[in-house]
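For the sequence shown, the numbering used here begins at 1 and goes up steadily by one. Yeah, the Cβ is synthetic: ideal placement off N, Cα and C, and Gly gets one too. On a predicted model such as this, the values are computed, not experimentally measured, just so you know. A short write-up of the structure that comes next.
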Amino acid sequence: MVYRLLAIDIDGTLLRSNFRIDKETKEAIDYVQQKGVYVTLASGRSFPSTQKIAKALKIDSYLISHNGGFIASSLDEPLQEKRLSVEDTYRLVEVLGNYECHMRVVHERFSVGNQLKQKSQLVAKLTLSTGDPLFYPVSFTENLGDYVLSQEVAPPKMDVQFFDEKECESAMKYLKEHMPDFEYSSSAKCQLEITAKKVTKGNALRFLGEKLGIAPNEMVAIGDSYNDLDMIEFAGLGVAMANAPDEVKRKAKWITRTNDQLGVPYMVKEVFRKQMRFQTMKR
């Protein structure tokens with residue numbers, strides 16, 4: 001099979017645990033791009049953060065950000081944007097306000113979160129995340145619901161961080177039973193990501209493939225978490241990182257090394273170099 005598109009998750013996949021990019025990873029991505037393979041990033045991060053990583057890798061293509069809620073190559077000209085409505089965002093904030101959690105309304109141009117009276121160390125940890133570039137405005141407010149209504153914020157995604165696993169499970173159960181018209185996923189422990197219905201990385205990859213004229217069986221998708229599941233299942237070759245949960249690994253067709261063991265460049269070497277040799281022999 002000849003693969004024409006490579007979709008890569010960022011955190012836990014492309015980046016090491018210290019959030020750095022290996023030289024070997026840069027070389028591998030450069031290699032497949034020179035061979036004509038379309039490389040995109042598929043992340044739960046905001047678009048500015050996803051674009052920052054893409055620029056560091058010299059990837060100039062449409063990027064899947066906000067778990068598929070915002071697909072673009074530039075901030076001002078999105079290829080597709082699917083948002084939570086202002087009213088739905090307000091409803092979610094009000095319901096989640098009954099739980100001990102930190103909420104983020106993640107817009108493509110800014111994010112705003114609720115202020116919590118927690119231990120100072122915990123608040124400091126939540127104030128800025130790895131997905132917050134310095135040029136991306138991040139603010140906090142005492143009443144997030146009122147802010148959403150007054151500013152008419154319709155974000156592509158909401159992020160929720162719980163402080164307790166049981167609290168997270170309780171909230172997830174309630175939301176799925178009483179508010180089923182949304183997509184719920186996660187990329188970390190005690191964390192919840194909410195997007196509009198049918199907004200997933202897999203559906204974003206399907207949409208992008210239709211725009212580019214690339215069939216699902218011509219795609220390779222690689223990730224490490226639950227929000228990568230449908231993308232891994234959708235692609236012709238779905239690859240899971242060795243550091244992925246067992247459920248994600250079971251859905252993958254192939255498992256590469258961990259993100260700290262050059263899992264992405266190892267996969268590229270095993271899959272695409274063999275493909276290129278085959279194409280050369282065929283010609």
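Proximal residues to residue i (C-beta, below 8 Å), its chain only, five neighbours per side dropped
{"i": "D22", "result": "R16, L262, P265"}
{"i": "Y90", "result": "G145, V148, L149"}
Short Cβ contact (7 Å threshold) for residue i with residue j
{"i": "L5", "j": "I214", "result": "yes"}
{"i": "V32", "j": "V268", "result": "yes"}
{"i": "L41", "j": "A54", "result": "yes"}
{"i": "K211", "j": "I232", "result": "no"}
{"i": "V239", "j": "T256", "result": "yes"}
{"i": "G44", "j": "S186", "result": "no"}
Endpoints, the alpha helix (DSSP H) within which residue i is located
{"i": "Y147", "result": "144-151"}
{"i": "S49", "result": "47-56"}
Segment limits, beta strand (DSSP E) that includes residue i
{"i": "P78", "result": "78-81"}
{"i": "N358", "result": "Because the chain here runs from 1 to 283, residue 358 falls outside it and cannot be looked at."}
{"i": "Q161", "result": "157-162"}
{"i": "Y174", "result": "Where Y174 is concerned, there is no enclosing beta strand (DSSP E), although the alpha helix (DSSP H) it sits in stretches over 165-178."}
{"i": "L5", "result": "5-8"}
{"i": "Y184", "result": "182-185"}
{"i": "T89", "result": "No beta strand (DSSP E) contains T89, which is instead part of the alpha helix (DSSP H) from 86-96."}
Paired residues, beta bridge with residue i - DSSP
{"i": "A252", "result": "The partner list for A252 (beta bridge, DSSP) is empty, contrary to what the question assumes."}
{"i": "C190", "result": "Paired residues: none, contrary to the question."}
{"i": "Y38", "result": "L5"}
Span separating the alpha-carbon of residue i from that of residue j
{"i": "L57", "j": "I29", "result": "7 Å"}
{"i": "D159", "j": "Y62", "result": "23 Å"}
{"i": "K253", "j": "A235", "result": "10 Å"}
{"i": "P155", "j": "N98", "result": "21 Å"}
{"i": "V123", "j": "N114", "result": "Any answer about V123 is weak, because its pLDDT of 48 lies below 50 and its placement is not dependable; what the coordinates show is given next. Looking at the two C-alpha atoms, the distance is approximately 11 Å."}
{"i": "P291", "j": "T258", "result": "The requested residue 291 does not occur in the structure, where the chain is confined to residues 1 to 283."}
{"i": "S170", "j": "D246", "result": "23 Å"}
{"i": "F47", "j": "A7", "result": "15 Å"}
{"i": "V248", "j": "Y3", "result": "22 Å"}
{"i": "K189", "j": "N243", "result": "14 Å"}
Cβ neighbours of residue i in the same chain (closer than 6 Å, five flanking residues each side left out)
{"i": "Q191", "result": "Q161"}
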